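Counting in this note's numbering, the sequence shown runs from 2 upward without gaps.
All C-beta atoms, glycine included, are put in the ideal place defined by N, C-alpha and C.
Model, not experiment: these values are computed from the prediction.
A quick write-up on the structure given underneath.
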Amino acid sequence: MHPHSFSLLPLFLSPPTSLNLQTKPEKLPEDMKSFSLYSVFLLCSFLLLLNNNNKCVCVGLSFHEDGGVSGGSTGTVGRLVKKEDRLPVVATEFGQISAVDVDDGSSETGKRRGRHYNNYHVQFITLEPNSLFLPVLLHADMVFYVQTGSGKLSWTDSDELTKVSLQRGDVYRLKSGTLFYVHSSLEPERPRLRIIAIFTNPEEEQLQGPLIGPYSSINDLVRGFDKDILQAAFQVPEEVVEELTSATDTPAIVHAETKRKNFWQQQEKLLINVYLGIQRYGNRVDENKKKHTKTFNFFKEDPDFKNCNGWSTVVTKHDLHALHGSQIGVFMVNLTKGSMMGPHWNPTATEVSIVLEGEGMVRVVCPSALTNKECKNSRFRVEEGDVFTVPRFHPVAQTSFNNGSLVFMGFSTTTKKNHPQFLAGKASVLQTLSKPILGVSFNVSNTTIDQLLAAQEEAIILDCTSCAEEQEVRMEDEIEKERQEEEERRREEEEKRKREEEEERKKREEEEEQKRQEEEEEKRKKEEEEERRRKEEEEERRREEEEQRRHEEEEQRRREEEEAEQRRQEEEEEKRQREEEEEQRKREKEERKREEDEEKEREAQEKEQKRREEEEKRREEEEERQREEEEQRRQEEEERQREEEEQRQREEEEQRRQEEEERQREEEKERQREEEEQRRREKEEKRRQREEEEQRRQEEKERQREEERQRRQEEEERQREEEEEIEQEEQQRRQEEERRRQEEEEKRRREESETEEETEQEIARREEEERREQERQAEEAARERREREESRQEEEEEQEQQRRQEAARPEEERRRREESEIEEETEQEIARREEEERRGWERRAEEAARMRREGEGSGGGSRGEGRRRFLRLTT
């Protein structure tokens with residue numbers, strides 16, 4: 002809610018006593034009830050405002066919306082809004098309201114940054130004769146000019162209702178927070194009442210209007226509260242509040258019926274009583290009797306400047322008291338045919354102008370093209386109803402056509418003395434400058450400057466025949482040039498777009514071609530992969546068949562090899578047992594486990610060997626029977642050839658098998674060596690960890706012993722110091738006692754010379770006490786010596802223990818080295834034995850192959866005998 006709206010809340014909550022609203026609703030007299038209903042009805046007529054869609058106009062046009070129409074191209078200074086581009090706000094048969102949001106074009110950079118500056122809101126209010134613009138609450142200052150017609154303006158000023166008559170040419174200002182309404186003249190033959198208004202904030206605030214709009218309906222201020230609050234505030238029955246809140250809206254501009262002559266006077270009284278709390282209306286209405294409510298009329302006052310080419314008038318706070326506290330001034334210019342308002346700029350004001358009559362040309366120039374490269378000079382044609390702006394410090398010239406005058410009024414954004422600076426004529430600012438300086442500035446001679454300044458004898462409004470026509474021709478040429486440039490730019494953009502599309506199409510085709518090639522390549526790779534897989538499958542199948550045949554052929558050889566392997570294992574077992582007996586003393590526990598494992602393995606092998614021997618025997622008998630039958634069926638020559646071929650294949654297969662077995666044995670030995678090496682490394686690592694742990698423990702013990710030794714040394718040092726202090730104190734005490742004793746003795750000798758016997762006894766007693774004290778001190782010193790001796794002995798014992806540990810350490814290291822050497826010798830012995838076994842196996846295999854060759858070379862008839870000899874040899 003606007004801050005000024007809170008000023009009305011106390012009035013709602015505390016109604017005037019003249020209405021006697023504190024009485025309970027059921028006890029109201031009949032005349033007061035009728036008056037209350039009538040007052041509510043009248044109140045509703047004041048509070049409701051409606052736009053053309055029959056909705057309440059609670060906010061005006063936003064001051065900061067970009068939706069406002071503004072003319073001119075981007076980057077040009079000055080703005081032009083044509084009459085037909087105004088935004089409609091209210092449209093009824095009794096009047097219209099349109100609005101314009103316009104800027105001066107000097108804030109283009111600010112807009113691009115998301116900010117809005119120098120934006121002005123102007124409304125055009127038109128009332129038919131005998132029409133009423135219902136009351137509204139201003140959110141901003143309103144400065145207005147009456148263009149045509151006449152009427153009456155009523156508004157609240159402090160605790161008064163002030164009225165002023167309006168006629169053509171009047172200028173006035175209403176402050177923000179003012180509640181006002183306008184009534185046009187009753188005579189239908191009079192022209193319509195047209196008002197041009199600009200809305201701004203007070204001078205202590207920014208020039209731009211508030212975000213909530215220029216004004217709002219009081220209806221919203223009342224109907225925004227709940228019904229119970231309204232009933233308590235007005236002290237009226239519930240049906241009255243219900244009628245008030247449920248009443249239909251009325252248009253913002255209505256017709257004032259003439260048959261109800263006193264209708265609006267009653268409304269005024271009710272407005273005063275209800276909203277302002279005035280008990281006696283009396284003579285509060287002031288019609289142009291006070292100085293402060295007097296308007297300024299352009300046509301009743303003398304112009305500020307006038308000559309044969311036209312006149313101009315400026316209204317400031319010095320001319321109109323109502324403009325005090327406002328930042329808006331008003332001006333009017335009337336140019337006759339073929340005239341010009343000389344080129345000038347406003348140092349302190351931005352002008353928002355509205356054309357009232359005629360047509361003309363306006364030229365706005367950038368103040369400096371060097372400091373603002375985005376700024377462009379502008380030239381535009383204006384006619385009746387158009388709105389245009391000129392920023393401060395921007396030179397401008399308005400010209401009229403030869404066939405008619407140009408009349409425009411406007412609002413300036415300052416009430417100070419503006420003092421426009423003219424470039425030409427007798428009032429030119431150039432007249433005050435040094436001519437040599439001007440010559441250097443324009444880069445021309447002094448003679449040219451003299452001619453430039455002396456030629457024009459008039460000032461401010463100058464004669465300029467056909468200037469507007471020439472400006473219009475240039476404007477059309479510029480428009481045509483801009484149109485051609487725009488077409489050229491669009492053509493270039495279209496060509497660029499086509500090139501980009503063509504490039505994109507080519508790129509897309511290349512990508513598609515590349516994709517197609519990749520797909521073909523992928524397809525080819527898949528086919529090759531499929532072909533390779535098929536060949537691999539065929540090769541695998543062929544290898545499996547060969548493997549199966551080879552397996553069948555190798556079965557016989559495997560049986561023979563198993564028998565040889567059995568003998569080798571037995572020999573190896575005997576040899577291993579002898580070695581185990583030799584190493585029994587060193588690795589007894591490990592040997593027992595290995596013997597158990599080997600025993601189990603040997604039993605399993607023996608069982609397997611027996612099973613294989615039985616199977617081999619059965620297979621040999623079956624094969625013998627088959628061979629005998631086959632020898633009888635086949636011819637001996639074919640048998641010999643087949644046996645030769647088989648022998649050759651067996652030899653080749655035997656050779657391959659031996660090579661494969663040799664390779665496997667080598668791999669197995671290598672694996673065993675790696676395992677032994679891994680175990681040896683693990684043992685070495687564990688041994689190293691144990692040594693490191695032992696070393697850390699020794700270091701920790703050494704550190705503790707060193708700390709203990711230092712602690713004992715410190716303790717002994719402290720004890721020695723204490724003993725020395727005690728001895729010094731004791732020595733001092735003894736000396737003091739000796740001194741006192743001598744003094745006392747001397748005194749007693751002097752005083753008790755007659756009692757010599759008693760003195761001798763006392764001396765003896767004292768000597769006894771001194772002897773006892775000396776014995777006590779000697780015992781204390783002996784005790785301390787014993788403690789020191791015991792501490793020294795403990796330290797010597799710890800040192801002796803440490804020396805014994807250090808002496809035992811080399812022995813432990815020697816023992817570990819011996820164990821490591823034994824392990825290395827064992828590994829070497831195992832490797833040597835494995836090498837001997839491998840060589841023995843190779844010799845036996847060679848002997849068996851030789852025997853097979855000899856047996857097969859003896860002929861077909863002795864083939865079976867040769868095989869049996871071979872089997873006996875291998876077994």
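Return the CA-CA distance between residue i and residue j, expressed in angstroms with no decimal places.
i, j, result
"Glu-812", "Lys-702", "20 Å"
"Phe-402", "Met-362", "8 Å"
"Lys-601", "Glu-574", "13 Å"
"Gln-557", "Asp-598", "30 Å"
"Thr-351", "Ser-413", "5 Å"
"Glu-528", "Glu-511", "25 Å"
"Lys-516", "Glu-548", "46 Å"
"Arg-742", "Glu-726", "23 Å"
"Glu-205", "Ile-329", "Only weak support is given to the placement of Glu-205: the predicted model assigns it a pLDDT of 44, under 50, and the question is left unresolved by the model."
"Pro-348", "Pro-392", "9 Å"
"Pro-437", "Lys-499", "58 Å"
"Glu-589", "Ala-808", "30 Å"
"Lys-198", "Arg-490", "Note that residue 198 corresponds to Ala in the displayed sequence, not to Lys. Distance between the alpha carbons of Ala-198 and Arg-490: 41 Å."
"Arg-680", "Arg-688", "12 Å"
"Val-331", "Thr-337", "20 Å"
"Glu-566", "Arg-559", "10 Å"
"Val-388", "Ala-398", "16 Å"
"Val-223", "Val-123", "28 Å"
With which residues is residue i paired in a DSSP beta bridge?
i, result
"Ser-429", "Phe-423"
"Ile-199", "Val-123, Val-144"
"His-345", "Val-397, Phe-423"
"Gly-330", "Ser-413"
"Ala-100", "Leu-88, Gln-124"
"Ser-185", "Gly-152"
"Phe-134", "Val-183, Ile-254"
"Gly-311", "Asn-308, Leu-336"
"Asp-171", "Asn-298"
Quick check on DSSP: helix, strand or coil for residue i?
i, result
"Asp-303", "coil"
"Ile-254", "strand"
"Glu-583", "helix"
"Ser-166", "strand"
"Pro-89", "strand"
"Arg-533", "helix"
"Arg-839", "helix"
"Pro-437", "helix"
"Lys-507", "helix"
"Asn-378", "coil"
"Ile-355", "strand"
"Glu-360", "strand"
"Asn-220", "helix"
"Phe-235", "helix"
"Leu-50", "Here Leu-50 scores only 35 on pLDDT, less than 50, and its place in the model should not be relied on; the value that follows carries that caveat. Coil."
"Val-1", "There is no way to answer for residue 1, as the model of the chain reaches only from 2 to 876."
"Leu-321", "coil"
"Asp-478", "helix"
"Glu-161", "strand"
"Asp-464", "strand"
"Val-60", "Confidence at Val-60 is low in this model, with a pLDDT of 35, below 50, so its placement is unreliable and the value that follows should be read with caution. It is coil, neither helix nor strand."
With residue i and residue j assumed to form a contact (beta carbons below 8 Å), what rounded beta-carbon distance in angstroms separates them?
i, j, result
"Ile-461", "Gly-426", "6 Å"
"Ser-313", "Met-341", "12 Å between Cβ atoms; not a contact."
"Leu-175", "Gly-152", "Not quite, the Cβ-Cβ distance comes to about 15 Å (not below 8 Å), so this is no contact."
"Ser-327", "Asp-86", "With 8 Å as the limit, Ser-327 and Asp-86 do not qualify as a contact, their Cβ atoms being about 28 Å apart."
Is residue i close to the ligand MG? I mean its beta-carbon at under 7 Å from any heavy atom of the ligand.
i, result
"Ala-455", "The ligand MG is not part of the structure shown, which contains no ligands of any sort."
So with Cβ pairs under 8 Å, would you call residue i a contact of chain C?
i, result
"Arg-169", "This model lacks chain C altogether; it includes just one protein chain."
For this session: Say whether the region 658-668 touches the region 816-826, bearing in mind that this needs 3 or more beta-carbon pairs closer than 8 Å, one atom from each stretch.
Result: Because the criterion of three Cβ pairs below 8 Å is not met, the region 658-668 and the region 816-826 do not touch.
Exercise. Should the region 607-626 be regarded as contacting the region 794-814, the criterion being three or more beta carbon pairs within less than 8 Å?
Worked result: The region 607-626 is not in contact with the region 794-814.
For this session: Could you say if the region 160-172 and the region 143-151 meet the contact criterion of at least three C-beta pairs nearer than 8 Å?
Result: yes
Exercise. Is there contact here, the region 551-569 with the region 648-655, by at least three beta-carbon pairs under 8 Å?
Worked result: yes
Exercise. Any chance the region 693-702 sits against the region 784-791, with 3 or more Cβ pairs inside 8 Å?
Worked result: Output reads no: the region 784-791 does not touch the region 693-702.
For this session: Would you check if there are 3 or more beta carbon pairs closer than 8 Å linking the region 524-538 to the region 632-642?
Result: no
For this session: Please confirm if the region 187-195 is in contact with the region 122-140, defined as three or more CB-CB distances below 8 Å between the two stretches.
Result: Between the region 187-195 and the region 122-140, the count of C-beta pairs closer than 8 Å reaches three or more; the two stretches touch.
Exercise. At a cut of 8 Å, does the region 299-317 reach the region 433-448 through at least three beta carbon pairs?
Worked result: no
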